[in-house]
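A short worksheet on the structure shown next.
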Amino acid sequence: MLSIGDLSKRTGVKVPTIRYYEQMGLIEAAERSEGNQRRYEKADLERLAFIRHARDLGLNIDAIRELIRLSHHRHDPCEGADRIAADHLVAVRAKIAKLRKLEQELERIVSHCDGHSIEDCYVIRALSDHTLCESEH
8 MLSIGDLSKR
18 TGVKVPTIRY
28 YEQMGLIEAA
38 ERSEGNQRRY
48 EKADLERLAF
58 IRHARDLGLN
68 IDAIRELIRL
78 SHHRHDPCEG
88 ADRIAADHLV
98 AVRAKIAKLR
108 KLEQELERIV
118 SHCDGHSIED
128 CYVIRALSDH
138 TLCESEH
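Note that the sequence shown covers residues 8 to 144 in the numbering used here.
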């Protein structure tokens, strides 16, 4: 049996986050010791490690909840899990594309700034006037 502190140390998940995941139903409510301390088992450690990894990959709580639900049906086809991962991949690629546009625009703005004072600063002008941007971002 692990205390919540031990579980936190072993997974790198902060104690308040563990409590939050418990409230959200992502991990089972912990058994309590006679002193009313939470006590976790190896399965809780494994579930929390799963959640931590999924969060590190950027999956939201609903997707993780669905993946946990799917994981209880070990012999079912994995198309549901594949769909969740594929949908998330599409979203990540869209974010990357948007970040690339932001990067290009910021590079352009910075490269145009050769002023020696704020009154001549292209960065300040571009941030004040969106029409100076080359594209939507």
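Each residue gets a CB set at the ideal place from its N, CA and C atoms; glycine is no exception.
*Neighbourhood of residue 56 by C-beta, 7 Å cutoff - its chain only, sequence neighbours within 5 removed*: Working through the sequence shown from its first residue, we reach residue 56 at position 49. Taken in chain order, the residues that qualify are 18.
*Status (buried if at least 16 other CB within 10 Å, exposed otherwise) for residue 76*: Taking the sequence shown and counting its residues from 1, the one referred to as residue 76 is at position 69. Answer is exposed; the Cβ neighbour count stays below 16.
*Using the C-alpha atoms, what's the distance from residue 107 back to residue 67?*
Counting from one through the sequence shown, the residue named residue 67 turns up at place 60. Counting from one through the sequence shown, the residue named residue 107 turns up at place 100. So the two alpha carbons sit approximately 23 Å from each other.
*Quick check: the region 84-103 against the region 44-54, are there 3 or more CB pairs under 8 Å?*
no
*asked:* Please report the straight-line C-alpha distance between residue 120 and residue 109, rounded to a whole angstrom.
replied: Within the sequence shown, residue 120 is the residue found at index 113, counting from 1. Within the sequence shown, residue 109 is the residue found at index 102, counting from 1. Each residue's Cα considered, the two are about 17 Å apart.
*For residue 47, which of 78, 72, 127 and 12 has the nearest alpha-carbon?*
For the purposes of this step, residue 47 is identified with residue 40 of the sequence shown, where counting begins at 1. Residue 47 has its Cα closest to that of 12, out of 78, 72, 127 and 12.
*Under 7 Å between C-beta atoms of residue 59 and residue 20*: Locating residue 59 in the sequence shown gives position 52, where the first residue counts as 1. Locating residue 20 in the sequence shown gives position 13, where the first residue counts as 1. Cβ distance < 7 Å, so residue 59 and residue 20 count as in contact.
*With 16 other CB atoms within 10 Å as the buried threshold, where does residue 14 fall?*
The residue you call residue 14 lines up with position 7 of the sequence shown. Label assigned to residue 14: buried.
*Considering only C-alpha positions, which residue in the set 82, 134 and 144 is nearest to residue 105?*
Numbered from its first residue, the sequence shown carries residue 105 at position 98. Of the listed residues, the one whose Cα sits closest to residue 105 is 144.
*If we ignore side chains and look at the alpha-carbon of each, how far apart do residue 98 and residue 87 end up?*
Stepping through the sequence shown from its first residue, residue 98 is reached at position 91. Stepping through the sequence shown from its first residue, residue 87 is reached at position 80. For residue 98 and residue 87, the distance between alpha carbons rounds to 17 Å.
*Per DSSP, what kind of secondary structure is residue 9 in: helix, strand or coil?*
Residue 9 sits at position 2 when you count from the first residue of the sequence shown. Three-state DSSP puts residue 9 in a strand.
*asked:* What would DSSP say about residue 126, mapped onto helix, strand or coil?
replied: Indexing the sequence shown from 1 puts residue 126 at position 119. Residue state, collapsed to three classes: helix.
*What are the residues that DSSP puts in a beta bridge with residue 28?*
Stepping through the sequence shown from its first residue, residue 28 is reached at position 21. Answer is none; residue 28 lacks a bridge partner.
*asked:* Between the alpha carbons of residue 25 and residue 134, how many angstroms are there, rounded?
replied: Translated into the one-based positions of the sequence shown, residue 25 becomes position 18. Translated into the one-based positions of the sequence shown, residue 134 becomes position 127. Taking the straight line from one Cα to the other gives about 41 Å.
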